[in-house]
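This report concerns only the one structure given below.
Protein chains: 2
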Amino acid sequence: MLNDLSQAELVATERDLANRLATLRRANLSLDLTRGKPSPEQLALSDQVELMTGNDFNTEDGTDARNYGGLSGITEARQLGSQLLGVDASNVIAGGNSSLTLMYQYLLHAWLNGATGPDTAWRHDSGQLKFLCVVPGYDRHFTITESLGFELINVGFTEEGPDMDQIEALVDNDPLIKGIWCVPKYSNPTGHVYSDSIVERMALLAKRAGANFRIMWDNAYAVHDLTSDPPPLLNLMTRCQTVGTEDSAILFASTSKVTRAGSGISFMAASTGNLTSFMRSLGVQTIGPDKINQLRHVRFLKDLGGINKLMQSHAEIVRPKFDRVIKHLHDGLSDTGVGTWTVPQGGYFISFESPPGLAGAIIQLAGEAGVKLTPAGATFPYGRDPNDSNIRLAPTFPTLAEIDQAMPVFVTAVTLAAVRQLLGMAITTP
Amino acid sequence: MLNDLSQAELVATERDLANRLATLRRANLSLDLTRGKPSPEQLALSDQVELMTGNDFNTEDGTDARNYGGLSGITEARQLGSQLLGVDASNVIAGGNSSLTLMYQYLLHAWLNGATGPDTAWRHDSGQLKFLCVVPGYDRHFTITESLGFELINVGFTEEGPDMDQIEALVDNDPLIKGIWCVPKYSNPTGHVYSDSIVERMALLAKRAGANFRIMWDNAYAVHDLTSDPPPLLNLMTRCQTVGTEDSAILFASTSKVTRAGSGISFMAASTGNLTSFMRSLGVQTIGPDKINQLRHVRFLKDLGGINKLMQSHAEIVRPKFDRVIKHLHDGLSDTGVGTWTVPQGGYFISFESPPGLAGAIIQLAGEAGVKLTPAGATFPYGRDPNDSNIRLAPTFPTLAEIDQAMPVFVTAVTLAAVRQLLGMAITTP
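For the protein sequence lines, the chains are A and B, in the order given. Numbering-wise (the numbering used here), the first sequence opens with residue 31 and increments by one. Numbering-wise (the numbering used here), the second sequence opens with residue 31 and increments by one.
Here is the structure:
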């Protein structure tokens, strides 16, 4: 444990680590642990998507997918989304290549036109609108609400998921809080899977927050399990229907990390009232999604069984990379007492917590040695991590060999930063 | 000429026409002349798009099109758009499956965030914002600006294109007019190709209307010629650059009516200042367009030469249909003196002008006989045709045989409505 070292031992350790990092720097590495991107091996699992149409472009109901029309997506794509999200197909739409776009369009709709009619448009509220962000979380979520003029409010995690006590207290006291961002399964980046009790309390939130409150439930990693016995996630929509709050739940998923990243299809599920109103706004912006790509996808994936089988092949590629990153963290840091990290059962990230005040410095040190890490604060609204401690590691894209090159740099940077902090030294050179 | 008939002759003609329509009605037709959709034969011209990737998903610069990234589209798609729009590739982005979506996103950006910075956001203007609509025009354009709260102002056509005297007078007197919708080549539905002088005056418009005025230049039919010697269209961007108004020109095109309707790729061209600002807004909404579909398209179309060759094949399918509709109009109506119609050199529509006050009635009569026509007023803001005279005919989707069934119904409905109007009779039964 670093804390047990004497001043002299710390000075010697600092020198050793600085030398080690200097040696690593001379290797002229150029490695990247920043983005949650699938690797080429994963992408190749779905190259057959390309061959699915042949010369048959007709959907199951005989629609020519090559022509205009069909704002909600083709029936069989909606059915696939229905299985993925566990919501009746009549309450699911299949969209274009980006669920992020559907999220933006939904929030724009609720702000500009009103989720359930012009009277409900958030922009007509007087006062500063606010949105809850569970942190650390997904920067692109936060940016959407920031761009629409919302003040973003950080809420923390407990072991079981978002801190519901904090969330309930916030919405009880502020009607200008209009919604909350959630990644309920393998939360980006912490890997949390919300417990049954969290989902149950989420479903009840609109009873406190009001009928115009929206839970943006981005189930981006719904099927992205790394273990054979994945943790279950309670169905938010079902719970909301039980307690009469189904208008508060807006669910999203996509195939971006199932088939092709940015060339897949997206899904949104919502109550009939929400969906009917949203479709009017959506119809102003487009004639419809790319139905041919939906057809390719449904014919390739077939159903939830097909998706799960494909995801097992993903897991076989991805799991060893997660294990390797975690092994480096364990081997390099366990004895130092520096930092904590998640051991997720799925998703795309490992979340690392350094001692407070060190994340930015660690990222700089690693960057100088050729290992690019997600910018400090990126997992927080406004890019500001109040503790400067969270670092998001993305193991999927690099090869195992690259992980073996990059992680010693990371571990060395973490330890060096911690030693320098204990010594009261400047941690980085500007 | 109907006008030359005596009262008794008109009464007899009315009876003949009513009988004829009743006979046609008994045929239980179900025909549709409403939508500007390509026919299956046209769509089949591009079925090879599907085979273009093989197992090579790398763009020319080595980007893996299957993975995330690339907000502006792949380089070779931007180059294709550059050729199509006649604008330097650095000022062109390649988007998703819908240029309408790009138009919405651009106008939302200018309204919400400001075309060239927060100070320029239209929504901060005090007073009712307005947008000019050249009529008859494209309903989906008008709906976008209506949904963003603009008051829509009709402006008419001259032989050469939009009535520039009227437009200039309007913008001279009203700083709340923020822009104008234009379809400069084979205007939807009138078929106008803007003359050089019109384009030159458009390029100068921002000198009168101010730096925050935008021309939404939807060149949807840029390559959709029906003749071997198509009329030229002056390049708006080039003209704007010459006179220093390049920030006022926002150009759009797509391959929806080149390859697949709703599964093609879209393009937008704008000044560097406009584009830099717009990309920040776009980056909030999406990680990027479907690059695989862009790759398919570029490999299939290759370049503007490839597009033009494909468009000749389209013309061979489409031209006979336009000719047939026009022959029916000529044969059925020339002797009556009722109505006028366009003989377009390209595009997707024939625009029919009935005597004032009859369009709605004609559409109802034809509908009762099984021929669906575009709803009266659809080509005008708010669905209100002030003269109730414009009917948009879309010849591309039906077969020649279907046109031969539908057009006698239309011609009969037109003549019957005109005769009844002359007789002062009720034209339709409610």
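By construction, the Cβ of each residue, glycine as well, lies at the ideal position given by its N, Cα and C atoms. Given the structure is predicted, the values throughout are model-derived calculations rather than measurements.
DSSP places K357(B) in the helix class (H, G or I) of the three-state scheme. A distance below 7 angstroms separates the beta carbons of V185(B) and V164(B). With a beta-carbon spacing of about 6 angstroms, K208(A) and F243(A) fall inside the 8 angstroms limit used to define contacts. Going by C-alpha positions, F410(B) is about 11 angstroms away from I421(B). Annotation: I380(B) is outside any alpha helix (DSSP H); the continuous beta strand (DSSP E) that includes it extends over 380-383.
Chain B has a Cβ within less than 7 angstroms of the Cβ of L130(A). T370(A) carries a strand assignment under DSSP once its states are collapsed to helix, strand and coil.
Scanning T188(B), L200(B), P205(B), I210(B) for the CA closest to the CA of T175(B) turns up I210(B). In terms of Cα proximity to L334(B), the closest of P385(B), R45(B), L305(B), H254(B) is H254(B). The beta carbons of N249(A) and F379(A) sit no closer together than 7 angstroms. Neighbours of L73(A) in chain B, taken as residues whose beta carbon is under 9 angstroms from its own, are F87, D94, R96, N97 in chain order. In this structure, T150(A) lies away from T404(A), with their beta-carbon atoms at least 7 angstroms apart. The Cβ of D277(B) sits no closer than 7 angstroms to any Cβ of chain A. Cβ-Cβ distances below 6 angstroms link D202(A) to R238 in the same chain, with the five nearest sequence neighbours on each side left out; the list follows chain order.
Classified as exposed, S258(B) has fewer than 16 neighbouring CB atoms from the shown chains inside 10 Å of its CB. Here the region 335-342 of chain B does not lie against the region 300-317 of chain A, with fewer than 3 beta-carbon pairs under 8 angstroms apart. Taking the Cβ atoms as the reference, A291(A) lies roughly 6 angstroms from K67(A), within the contact range of under 8 angstroms.
Cβ contact annotation for E190(B) (same chain, cutoff 6 angstroms, sequence separation greater than five): S225, I228, in chain order.
The C-beta separation of L446(B) from L363(B) comes to about 12 angstroms, leaving the pair out of contact by the 8 angstroms criterion. A Cβ of chain A is located within less than 7 angstroms of the beta carbon of S293(B). Taking C-beta separations shorter than 7 angstroms and ignoring five residues to either side along the sequence, the partners of T442(A) in its chain run L47, R50, L51, L54, following chain order.
Two segments are said to touch when three or more pairs of C-beta atoms, one from each, lie closer than 8 angstroms; by this definition the region 72-90 of chain A touches the region 275-294 of chain A. Looking at the DSSP output, N203(A) shares a beta bridge with no other residue. Here the C-alpha atom of G377(B) lies approximately 22 angstroms from the C-alpha atom of I393(B). Residue pairing of L281(B) in beta bridges, as defined by DSSP: W247(B), A299(B).
Among the residues of the region 200-228 of chain A, none has a Cβ less than 7 angstroms away from any Cβ of chain B. Taking C-beta atoms as the reference points, I245(A) and A124(A) fail to come closer than 7 angstroms. Nearest to L81(A) by C-alpha distance, out of R329(A), I183(A), I197(A), is R329(A). When DSSP assignments are scanned along the region 46-129 of chain B, the uninterrupted stretches of alpha helix (DSSP H) that are 4 or more residues long and fall wholly within it turn out to be 70-74, 105-115.
Look at D226(B) here: in three-state DSSP terms it is helix. The residue among G397(B), D415(B), R231(B) with its C-alpha nearest the C-alpha of L182(B) is D415(B). Residues R108, Q109, S112 of the same chain have their beta carbon placed closer than 7 angstroms to that of A119(B), with the five preceding and five following residues left out of the count.
In the three-state reduction of the DSSP assignment, N242(A) falls in the coil class.
Residues of chain B with a Cβ closer than 9 angstroms to the Cβ of P261(A) do not exist; the shortest Cβ-Cβ separation is about 27 angstroms. In the three-state scheme derived from DSSP, where H, G and I count as helix and E and B as strand, I183(B) is classed as strand.
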